[in-house]
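From first to last, the protein sequence lines are chains A and B. By the working numbering, the letter at position 184 of the first sequence is numbered 307, and the numbering carries on one by one without gaps. By the working numbering, the letter at position 368 of the second sequence is numbered 466, and the numbering carries on one by one without gaps. Glycine residues also receive a C-beta, built at the ideal position from the N, C-alpha and C atoms.
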Amino acid sequence: MRSRLAGWAFLVPLVAYLAVCYAYPLFTNVDLSIRGYTVRSFVSGGAPLVGFANYATVFGDPTFRTALLNTVLFTVISLFFQYTIGLAAALFFARGFRLSATLRALFLVPWLLPLIVSASTWAWLLNSESGLVNAALKVVGLGPVNWLTSPEWSLVSVTIANIWIGIPFNLVVLYSGLQNISRDVYEASALDGASGWQTFWHVTFPLLRPVSAITLLLGLVYTLKVFDVIWIMTKGGPSGSSTTLATWSYELGFGNVLPRFGPSAAVGNVLILIAVVAGLLYIRVQRRQELS
Amino acid sequence: MFPAPVPTRLLAAVGLVVSVAACSSAPTAGTPDTFSVWDPYPQFTAESEWVRTIEKCGAEAGVKIQRQAYDTTDLTSKVLLAAQQRTAPHVLVVDNPVVSTLVEAGVLKPNSEAGLDAGQVSPNLVAAGTVDGQTYGVPIGANTLALYYNKAVLAGAGVDPASVKDWESLNAALAKVKAAGKKGITFSAIGTEEGSFQFLPWFWGAGASLTDLPSGRAALELWKSWLDNGYAPNSVVGNTQTTSWQEFATGEYAFAENGTWQLGNAKKAGFEYGVIPIPGRTGGTAPAPTGGEFVTVPVQDNKDTEAKAGRIASCLTAPDKVLAADTALTYISAVPSVQQQQVSAQPELAVWVEAVKNAKGRTGDNLGTRYPRISQPLWGAVQAALTGAKAPEAALRDAQASVK
Chain A
124 MRSRLAGWAF
134 LVPLVAYLAV
144 CYAYPLFTNV
154 DLSIRGYTVR
164 SFVSGGAPLV
174 GFANYATVFG
184 DPTFRTALLN
194 TVLFTVISLF
204 FQYTIGLAAA
214 LFFARGFRLS
224 ATLRALFLVP
234 WLLPLIVSAS
244 TWAWLLNSES
254 GLVNAALKVV
264 GLGPVNWLTS
274 PEWSLVSVTI
284 ANIWIGIPFN
294 LVVLYSGLQN
304 ISRDVYEASA
314 LDGASGWQTF
324 WHVTFPLLRP
334 VSAITLLLGL
344 VYTLKVFDVI
354 WIMTKGGPSG
364 SSTTLATWSY
374 ELGFGNVLPR
384 FGPSAAVGNV
394 LILIAVVAGL
404 LYIRVQRRQE
414 LS
Chain B
99 MFPAPVPTRL
109 LAAVGLVVSV
119 AACSSAPTAG
129 TPDTFSVWDP
139 YPQFTAESEW
149 VRTIEKCGAE
159 AGVKIQRQAY
169 DTTDLTSKVL
179 LAAQQRTAPH
189 VLVVDNPVVS
199 TLVEAGVLKP
209 NSEAGLDAGQ
219 VSPNLVAAGT
229 VDGQTYGVPI
239 GANTLALYYN
249 KAVLAGAGVD
259 PASVKDWESL
269 NAALAKVKAA
279 GKKGITFSAI
289 GTEEGSFQFL
299 PWFWGAGASL
309 TDLPSGRAAL
319 ELWKSWLDNG
329 YAPNSVVGNT
339 QTTSWQEFAT
349 GEYAFAENGT
359 WQLGNAKKAG
369 FEYGVIPIPG
379 RTGGTAPAPT
389 GGEFVTVPVQ
399 DNKDTEAKAG
409 RIASCLTAPD
419 KVLAADTALT
429 YISAVPSVQQ
439 QQVSAQPELA
449 VWVEAVKNAK
459 GRTGDNLGTR
469 YPRISQPLWG
479 AVQAALTGAK
489 APEAALRDAQ
499 ASVK
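Have a look at this one:
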């Protein structure tokens with residue numbers, strides 16, 4: 124009985140922390156999204172319940188389709204390149220050569236830089252007029268590209284910047300995953316006469332699957348809510364061409380003199396829902412792996 | 099059921115945390131002896147003339163002052179949240195288009211009740227703070243937009259700045275500058291309020307009205323033609339007013355549309371510059387939007403507190419105090435008599451005083467909180483047209499359709 128009490132007591136800090144820092148804000152956000160808040164009722168209270176009206180507004184807005192499509196493209200393309208480049212780099216460093224530790228540490232720099240610094244640097248590099256990238260294109264005889272100021276390129280540009288920022292994370296996690304694969308399996312596959320490519324596909328890649336899954340899931344949740352990089356580089360523009368659900372939610376709530384809290388919270392909740400679905404999917408896949 | 103009391107205790111613990119958090123922000127009854135003043139001037143430190151003026155005004159009202167500076171884009175949501183928690187500052191200095199939003203939120207006291215008087219201020223500057231016949235707050239000063247020009251670039255292209263009287267002569271000047279191998283004009287068409295702010299002089303200069311966006315077609319076609327003809331760089335689509343100024347500061351550009359607040363930087367640019375008003379489509383000075391903050395008194399629980407806050411706000415906007423703040427901000431005073439003092443001290447301000455006289459409040463014409471709902475589609479239309487996603491006319495028509 125006493126030990127049971129003690130058990131509960133140990134739980135209290137965690138539960139209190141979860142309630143104050145997670146449950147309460149989440150509840151507030153859901154509450155915001157189902158009420159018809161105006162600036163007046165935000166201050167003085169008494170906003171009426173409107174059910175799913177804010178969600179209907181959001182889903183009916185032409186921006187929603189653009190934002191959703193951009194979010195999917197931005198996330199999927201970012202994850203694909205972050206993972207493949209990160210894995211390639213991890214395999215490269217796994218061979219362990221002179222200076223490999225130093226180089227690996229240098230690879231971490233994008234991850235360590237504050238996002239405002241890296242995003243501003245990218246914005247400067249890709250500037251149409253004075254950017255280094257266009258200057259380099261000119262040297263090799265190519266015309267300038269309006270990286271950040273044309274609707275065709277803006278999403279590409281922010282995705283490239285985001286890939287660059289995410290590679291180190293993939294590199295570090297996959298590298299440590301590689302370290303955990305036993306030398307014996309490699310030895311066995313070498314004795315069986317497997318080529319390097321075969322070893323990768325039939326030994327390394329399958330054994331790395333659990334690590335890959337968690338890397339991709341963390342990457343997914345992180346990439347879905349990327350806001351700073353896009354906002355600093357393009358503000359979601361020009362004319363909405365690089366708007367994602369995250370930047371749109373911010374724009375609705377804070378991008379204008381007259382905030383629209385309800386729709387902003389609704390977009391935020393849609394984003395949370397997508398991340399939760401991804402998380403559940405991960406748990407299912409993991410459970411099936413454990414069973415097999 | 100032994101464990102039962104524990105969840106109760108747990109609830110009590112959570113309740114305690116919540117109530118402690120609530121206590122720390124509970125409103126105080128009676129008149130406090132420290133008054134809070136919020137402003138959007140983080141560049142001013144405790145030693146600045148501005149902060150000393152606030153403290154002086156506090157001392158005159160017999161209270162201590164706690165001043166807090168926020169980034170101007172943060173201030174609106176900070177004030178709304180504070181008002182919700184009933185911890186709004188006693189005196190609030192806020193960007194003029196935000197005033198009507200805060201009035202709608204019920205956060206601000208009208209001048210008649212707070213003991214403020216905007217009678218000395220030019221009516222076109224007070225307009226942004228007038229909602230349904232009541233005025234809320236007093237402008238601390240005003241800034242607006244005009245065209246800076248680079249004397250050497252214009253001379254090299256054989257353009258006399260005095261010849262720029264309307265859009266046609268401006269286009270002719272830009273063509274000559276381009277022919278001379280220099281760049282024409284830079285401005286900011288970013289997808290935020292800044293973009294609308296910069297577009298409005300041309301929009302209003304075409305005789306257009308914010309309640310009928312397609313009427314500003316000529317203005318958008320003018321901007322688009324500058325990009326098509328290579329008079330303006332493509333980077334304007336993403337330029338803030340600061341990055342646009344940096345382009346002008348390279349010395350390559352003939353003109354830059356920018357604000358009064360750049361005067362200090364203009365002197366440091368390392369080349370000779372001049373300023374002309376933005377021309378209307380067929381001549382004259384186009385009405386540019388007014389920028390600059392209002393000193394306001396938020397609603398408090400206590401009438402005496404509001405009255406004292408009103409005294410501090412009056413003091414801050416009194417003609418003898420306001421000159422120092424306006425000088426530090428490189429603003430034009432909102433009071434005509436002080437404007438004259440400024441011009442006699444600095445004759446180059448004459449063109450700005452003229453521009454401020456012609457300027458219009460964005461939330462004026464009784465638009466109030468309809469303005470932000472118009473402004474957002476408007477900057478979207480400007481971006482859509484400049485990037486070629488839509489034709490100018492179609493872009494403005496679509497924008498008008500999405501105004502809610």
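request  = Please classify I430 of chain B: does DSSP put it in a helix, a strand, or coil?
outcome  = Position 332 of the second sequence, counted from the first residue, corresponds to residue 430 of chain B. In the structure shown, I430 of chain B sits in a strand (DSSP, three-state: E or B).
inquiry  = Between which residues of its own chain and V229 of chain B is the CB-CB distance below 6 Å, once the five residues before and five after are set aside?
reply    = Here residue 229 of chain B corresponds to residue number 131 of the second sequence, with the count starting at 1. If the five residues before and after V229 of chain B are omitted, its C-beta is found closer than 6 Å to the C-beta atoms of S198, V201 and G466, all from its own chain and listed in chain order.
request  = Scan the region 453–486 of chain B and note each continuous alpha helix (DSSP H) run of 4 residues or more that stays entirely inside, going in chain order.
outcome  = Those alpha helix (DSSP H) runs which fall completely within the region 453–486 of chain B and span 4+ residues are 468–484.
message = For a cutoff of 9 Å on Cβ pairs, would you count S251 of chain A as touching chain B?
response = Mapped onto the first sequence, residue 251 of chain A falls at position 128. Residue contact check for S251 of chain A against chain B: a CB pair falls below 9 Å.
key: Buried or exposed (CB count within 10 angstroms, at least 16 for buried), F197 of chain A   = Position 74 of the first sequence, counted from the first residue, corresponds to residue 197 of chain A. Taking all protein chains shown into account, F197 of chain A has 16 or more neighbouring C-beta atoms within 10 Å of its C-beta and is therefore buried.
task = With a 10 Å radius around its C-beta and 16 neighbouring C-beta atoms as the bar for buried, classify P148 of chain A as buried or exposed.
result = If you number the first sequence from 1, residue 148 of chain A lands on position 25. By the C-beta density criterion, P148 of chain A is exposed, having fewer than 16 other C-beta atoms within 10 angstroms.
query = Distance, Cα to Cα, A401 of chain A vs T370 of chain A?
reply = As a working note, residue 401 of chain A is residue 278 in the first sequence. As a working note, residue 370 of chain A is residue 247 in the first sequence. If I take the Cα positions, the gap works out to 20 Å.
task = Could you confirm whether any beta carbon from chain A is found closer than 9 Å to the beta carbon of S117 of chain B?
result = Locating residue 117 of chain B in the second sequence gives position 19, where the first residue counts as 1. With a pLDDT of 39 at S117 of chain B, under the threshold of 50, the modelled position of this residue cannot be trusted; read the value that follows with caution. Output row for S117 of chain B: interface = no.
task = Just the chain B side, please: which residues come within less than 7 Å of R416 of chain A by C-beta, in chain order?
result = Lying outside 124 to 415, the shown extent of chain A, residue 416 of chain A is not represented and no answer is given.
Opposing strand residues paired with S307 of chain B [DSSP bridges] = Numbered from its first residue, the second sequence carries residue 307 of chain B at position 209. Bridge partners of S307 of chain B: B:D310.
query = Using the C-alpha atoms, what's the distance from A389 of chain A back to A317 of chain A?
reply = Reading the first sequence from its first residue, position 194 is the one you call residue 317 of chain A. Reading the first sequence from its first residue, position 266 is the one you call residue 389 of chain A. Each residue's Cα considered, the two are about 53 Å apart.
query = Hey, is A492 of chain B's beta-carbon within less than 9 Å of any beta-carbon in chain A?
reply = Looking up residue 492 of chain B in the second sequence gives position 394. With 9 Å as the cut-off, A492 of chain B does not count as an interface residue toward chain A.
Contacts of S134 of chain B in chain A (Cβ-Cβ under 9 Å) = Translated into the one-based positions of the second sequence, residue 134 of chain B becomes position 36. Here the premise fails: no neighbours, minimum Cβ distance about 17 Å.
query = So, does the CB of R471 of chain B fall closer than 9 Å to a CB anywhere in chain A?
reply = The residue you call residue 471 of chain B lines up with position 373 of the second sequence. Closer than 9 Å: yes.
task = Give the secondary structure of A71 of chain B by DSSP, where H, G and I count as helix, E and B as strand, and everything else as coil.
result = In the structure as shown, chain B starts at 99 and stops at 502, and residue 71 of chain B therefore has no counterpart that could be examined.
query = Could you check where the beta strand (DSSP E) with A352 of chain B kicks off and where it finishes?
reply = As a first step, residue 352 of chain B is located in the second sequence; it is residue number 254 there, counting from the start. For A352 of chain B, the enclosing beta strand (DSSP E) has its first and last residue at Y351 to G357.
request  = Find the nearest neighbour of V295 of chain A within the set A:I208, A:T161, A:S156 and A:S280, judged by alpha-carbon distance.
outcome  = Position 172 of the first sequence holds residue 295 of chain A. Of the candidates A:I208, A:T161, A:S156 and A:S280, the one whose C-alpha sits nearest the C-alpha of V295 of chain A is A:I208.
message = With a threshold of 9 Å between beta-carbons, can S335 of chain A be considered close to chain B, or not?
response = Numbered from its first residue, the first sequence carries residue 335 of chain A at position 212. For S335 of chain A, no CB of chain B lies under 9 Å from its own CB, so it is not counted at the interface with that chain.
Contact with chain B by V173 of chain A, beta-carbon distance below 9 Å = Sequence index remark: in the first sequence, residue 173 of chain A carries index 50 (1-based). No, V173 of chain A lies away from the interface with chain B (no Cβ there is under 9 Å from its Cβ).
message = Give me the DSSP bridge partner(s) of A167 of chain B.
response = Here residue 167 of chain B is taken as the residue at index 69 of the second sequence, counted from 1. According to DSSP, A167 of chain B bridges with B:D137.
message = So for N241 of chain B, helix, strand or coil by DSSP?
response = One-based indexing of the second sequence puts residue 241 of chain B at position 143. Of the three classes helix, strand and coil, the one that applies to N241 of chain B here is strand, per DSSP.
key: Extent of the continuous beta strand (DSSP E) to which I157 of chain A belongs   = Numbered from its first residue, the first sequence carries residue 157 of chain A at position 34. Premise fails: I157 of chain A is in no beta strand (DSSP E) and is neither H nor E.
task = Using a Cβ-Cβ cut-off of less than 7 Å, give me the residues of the region 258–276 of chain A that come near chain B, in sequence order.
result = Answer in chain order: N269, L271, T272, S273 and P274.
request  = Over the uninterrupted beta strand (DSSP E) stretch that includes I374 of chain B, give me the two end residues.
outcome  = Your numbering for residue 374 of chain B matches position 276 in the second sequence. Counting along the chain, the beta strand (DSSP E) containing I374 of chain B begins and ends at Y371 to I374.
task = Using a Cβ cut-off of 9 Å (strictly closer), state whether D313 of chain B contacts chain A.
result = Reading the second sequence from its first residue, position 215 is the one you call residue 313 of chain B. Per the sequence presented here, residue 313 of chain B reads as Ser, with Asp not at that position. No - not a single Cβ of chain A is within 9 Å of the one on S313 of chain B.
ask   = Since A453 of chain B contacts A386 of chain B with CB under 8 Å, what's their CB separation in whole angstroms?
value = Position 355 of the second sequence, counted from the start, is the residue given in the question as residue 453 of chain B. Position 288 of the second sequence, counted from the start, is the residue given in the question as residue 386 of chain B. Confirmed, Cβ separation roughly 6 Å.
query = Taking a cut of 8 Å between CB atoms, which residues from the region 173–190 of chain B lie near chain A?
reply = Going along the region 173–190 of chain B in chain order, one finds T174, S175, L178, A181 and Q182 with a Cβ nearer than 8 Å to chain A.
inquiry  = Once the 5 residues before and after A304 of chain B are set aside, which same chain residues still bring their CB inside 7 Å of it?
reply    = Looking up residue 304 of chain B in the second sequence gives position 206. Closer than 7 Å at Cβ, skipping near neighbours: G314, A316, A317 and R379.
query = Between which two residues does the beta strand (DSSP E) containing E145 of chain B stretch?
reply = Translated into positions along the second sequence, residue 145 of chain B becomes position 47. Here E145 of chain B belongs to no beta strand (DSSP E), and DSSP marks it neither H nor E.
query = Could you give the residue range of the alpha helix (DSSP H) that holds L297 of chain A?
reply = As a first step, residue 297 of chain A is located in the first sequence; it is residue number 174 there, counting from the start. Membership of L297 of chain A in the alpha helix (DSSP H) is indicated by the continuous run S277 to Q302.
request  = Specify the secondary structure class of A102 of chain B as computed by DSSP and reduced to three states.
outcome  = As a working mapping, residue 102 of chain B is identified with position 4 in the second sequence. The pLDDT assigned to A102 of chain B is 38, lower than 50, so where the model puts this residue is not dependable, and the model offers no usable value.
task = Would you mind reading off the limits of the alpha helix (DSSP H) that contains E496 of chain B?
result = Reading the second sequence from its first residue, position 398 is the one you call residue 496 of chain B. Before going further, note that residue 496 of chain B is Asp rather than Glu in the sequence given. Going by DSSP, D496 of chain B is part of the alpha helix (DSSP H) stretching over P490 to S500.
ask   = Buried or exposed: F328 of chain A, going by 16 or more other Cβ atoms within 10 Å of its Cβ?
value = For the purposes of this step, residue 328 of chain A is taken as residue 205 along the first sequence, with counting starting at 1. So F328 of chain A counts as exposed.
inquiry  = Assess contact between the region 269–277 of chain A and the region 329–336 of chain B, defined as three or more Cβ pairs (one per stretch) separated by less than 8 Å. Is contact present?
reply    = Contact holds: three or more Cβ-Cβ distances are below 8 Å.
query = How about G462 of chain B and A216 of chain B: do their beta carbons lie closer than 9 Å?
reply = Counting from one through the second sequence, the residue named residue 462 of chain B turns up at place 364. Counting from one through the second sequence, the residue named residue 216 of chain B turns up at place 118. At least 9 Å separates the beta-carbon of G462 of chain B from that of A216 of chain B.
request  = Give, in chain order, every residue of the region 217–246 of chain A whose Cβ lies closer than 7 Å to some Cβ of chain B.
outcome  = Taking 7 Å as the upper bound on Cβ-Cβ separation, chain B lies near no residue of the region 217–246 of chain A.
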